[in-house]
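**Student:** Input: one structure, supplied below.
Protein chains: 6
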Amino acid sequence: MPIIEMHMLVGRSVEKKRKAVAAMTAALVETLEIKPETVRILITEHTEEHFAVAGVTVGARENVSAVPLT
Amino acid sequence: MPIIEMHMLVGRSVEKKRKAVAAMTAALVETLEIKPETVRILITEHTEEHFAVAGVTVGARENVSAVPLT
Amino acid sequence: MPIIEMHMLVGRSVEKKRKAVAAMTAALVETLEIKPETVRILITEHTEEHFAVAGVTVGARENVSAVPLT
Amino acid sequence: MPIIEMHMLVGRSVEKKRKAVAAMTAALVETLEIKPETVRILITEHTEEHFAVAGVTVGARENVSAVPLT
Amino acid sequence: MPIIEMHMLVGRSVEKKRKAVAAMTAALVETLEIKPETVRILITEHTEEHFAVAGVTVGARENVSAVPLT
Amino acid sequence: MPIIEMHMLVGRSVEKKRKAVAAMTAALVETLEIKPETVRILITEHTEEHFAVAGVTVGARENVSAVPLT
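Protein chains in written order, with the numbering used here: chain A, 1 to 70; chain B, 71 to 140; chain C, 141 to 210; chain D, 211 to 280; chain E, 281 to 350; chain F, 351 to 420.
Written out as structure tokens, the structure is:
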């Protein structure tokens with residue numbers, strides 16, 4: 001541990017995801033004072049119809065007035 | 071928050087899933103007295119070989135006597 | 141299925157949580173056209189130090205300028 | 211309950227996964243003294259770019275010196 | 281991997297939980313032909329108010345007609 | 351999104367956890383080129399009996415020969 005599950009929208013490049021897991025791991029190694037090999041990260045990507053804020057999926061948002069997408 | 075992860079079998083239409091996240095969000099807004107934009111829902115769909123009840127995947131069930139699929 | 145994991149901050153009453161799971165289940169039964177007994181909901185509550193938005197835990201936010209807490 | 215989420219790398223056969231969920235369920239039935247139909251297992255498979263140890267995805271590891279892949 | 285998240289009701293003894301994780305791990309080692317040290321299991325226990333079937337928490341069920349608790 | 355679930359052993363100070371979520375968020379903001387307020391982190395802590403490697407809980411490990419605790 002730590003074991004990290006990261007949920008995000010599909011569409012990012014392999015390169016960006018590799019940088020993200022490297023940077024997150026470095027952040028945990030430094031702040032929690034742990035060894036890198038104790039950090040595991042699992043990524044799950046969700047399509048635009050599989051993430052909703054305020055009851056509206058991202059895929060449906062374009063047709064809807066905008067709540068900031070966070 | 072709340073942040074909701076919803077696991078279900080693949081195969082439902084976009085329309086049904088949009089209705090489901092809208093209705094779940096409305097249910098939480100009313101019962102927890104929160105604002106809609108605080109509700110996030112992540113859907114993860116599983117194939118019939120990736121959900122098992124009583125040690126038998128849904129995909130294998132058709133060849134097996136029926137435990138009610140819940 | 142569906143199987144729902146609901147993450148929220150600690151501090152809501154049993155009564156409110158019972159109403160929330162009943163209402164969410166009813167929402168899914170109606171929109172997905174499923175039987176109520178197929179719906180399972182797991183609640184995980186998080187303390188104010190165990191939920192962060194924009195890199196700041198809820199517990200630390202009071203000392204910080206406000207990003208809307210969603 | 212129990213409800214089990216199993217994360218693993220993609221690439222195993224249906225046959226192996228069916229055996230795995232059957233064996234895990236039997237293990238829980240025996241050790242927890244529960245009925246098989248109370249055990250639900252959800253499998254989520256991750257690609258080699260979606261699992262990282264020590265900040266390096268499995269897909270990137272082949273180009274890197276080896277930390278044991280556990 | 282595999283990484284397992286096991287959700288269950290509170291109340292089981294340490295001894296039973298130790299047996300359960302040992303037996304599940306052995307089941308995976310045998311069926312997936314993997315080394316034991318690749319298997320990680322995370323247990324999350326839920327109180328009776330934090331698990332609901334059919335819209336009713338386990339804690340509320342005693343006052344309600346019985347849907348089989350699975 | 352991203353929405354991050356971080357599982358770790360109990361026992362770290364509030365200060366360390368605040369630093370960890372701040373550093374992880376900064377890491378994601380930089381590598382994924384996103385706004386900080388889109389990053390949500392949920393921490394779940396597990397006791398020594400609720401995390402097992404190789405079929406042995408951390409709590410039971412002291413009595414057992416050591417597999418490296420990662």
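Don't be surprised by glycine CBs; every beta carbon is placed ideally from N, CA and C.
Can A/R40 and D/V263 be called in contact, C-beta distance under 8 Å?
**Tutor:** yes
**Student:** Less than 8 Å between the CB atoms is what I'm expecting for B/T101 and D/T254, so what's the real figure, rounded?
**Tutor:** That pair is no contact at about 29 Å.
**Student:** With H, G and I counted as helix, E and B as strand and the rest as coil, what does DSSP make of C/M148?
**Tutor:** strand
**Student:** Among the candidates B/H77, B/P72, B/S83 and B/G129, whose CA atom is the shortest distance from the CA of C/G151?
**Tutor:** When each option's Cα is compared against that of C/G151, the closest is B/P72.
**Student:** Could you check whether the Cβ of D/R222 sits closer than 8 Å to any Cβ belonging to chain E?
**Tutor:** yes
**Student:** Could you say which of F/P386, F/R368 and F/L359 lies nearest to F/T375 if we only look at CA atoms?
**Tutor:** F/P386
**Student:** Which residues in chain A sit within 9 Å of F/H357, going by Cβ to Cβ distance?
**Tutor:** M1, P2, I3, I4 and E5
**Student:** Counting only beta-carbon separations shorter than 8 Å, does C/R85 have a partner in chain D?
**Tutor:** Nothing about residue 85 of chain C can be read from this structure; chain C reaches only from 141 to 210.
**Student:** Could you tell me how far apart the beta carbons of D/L252 and D/M218 are, in whole angstroms, since I believe they sit closer than 8 Å?
**Tutor:** With a Cβ gap of about 12 Å, D/L252 and D/M218 do not count as contacting.
**Student:** Identify the contact partners of A/V58 in chain B, using a Cβ-Cβ distance below 8 Å as the criterion.
**Tutor:** Simply none; closest approach about 11 Å.
**Student:** Under a three-way DSSP split, which group does F/E395 fall into?
**Tutor:** strand
**Student:** Give me the subset of the segment 309-328 of chain E whose CB atoms are less than 9 Å from a CB atom of chain F, sorted by chain position.
**Tutor:** Residues of the segment 309-328 of chain E with a C-beta less than 9 Å from any C-beta of chain F: V309, K315, P316, E317, T318, V319, R320, I321, L322, I323, T324 and E325, listed in chain order.
**Student:** Rounded to a whole number of angstroms, what is the C-alpha to C-alpha distance between A/G55 and B/V91?
**Tutor:** 5 Å
**Student:** Assuming C/A160 is part of the alpha helix (DSSP H), what are its boundary residues?
**Tutor:** V154 to L172
**Student:** Assuming contact is defined by CB atoms lying nearer than 8 Å, are B/A130 and C/A167 in contact in what I supplied?
**Tutor:** no
**Student:** Along chain E, which residues have their Cβ under 9 Å away from the Cβ of C/A166?
**Tutor:** G335
**Student:** Below 8 Å on C-beta distance, what does D/K227 contact in chain B?
**Tutor:** E119, H120 and T127
**Student:** In chain order, what residues of the same chain have a beta carbon less than 6 Å from the beta carbon of E/E329, not counting five sequence neighbours either side?
**Tutor:** Beyond the five residues adjoining it in sequence on each side, E/E329 comes within less than 6 Å, by CB distance, of T337 and G339 in the same chain, given in chain order.
**Student:** Assign F/V389 to one of three DSSP states: helix, strand, or coil.
**Tutor:** coil
**Student:** Could you work out which residue in B/H116, B/T117 and B/S83 is closest to C/E173 when comparing CA atoms only?
**Tutor:** B/S83
**Student:** Answer with buried or exposed for E/K296, where buried requires no fewer than 16 other C-beta atoms within 10 angstroms of its C-beta.
**Tutor:** By the neighbour-count rule (16 or more Cβ atoms within 10 Å), E/K296 is not buried but exposed.
**Student:** If you draw a straight line from the alpha carbon of F/T388 to that of B/R88, how long is it in whole angstroms?
**Tutor:** 22 Å
**Student:** Just verifying my parser: in three-state terms, what is the DSSP assignment at B/A122?
**Tutor:** strand
**Student:** For F/I354 and F/E412, I'd like the C-alpha separation in whole angstroms.
**Tutor:** If I take the Cα positions, the gap works out to 31 Å.
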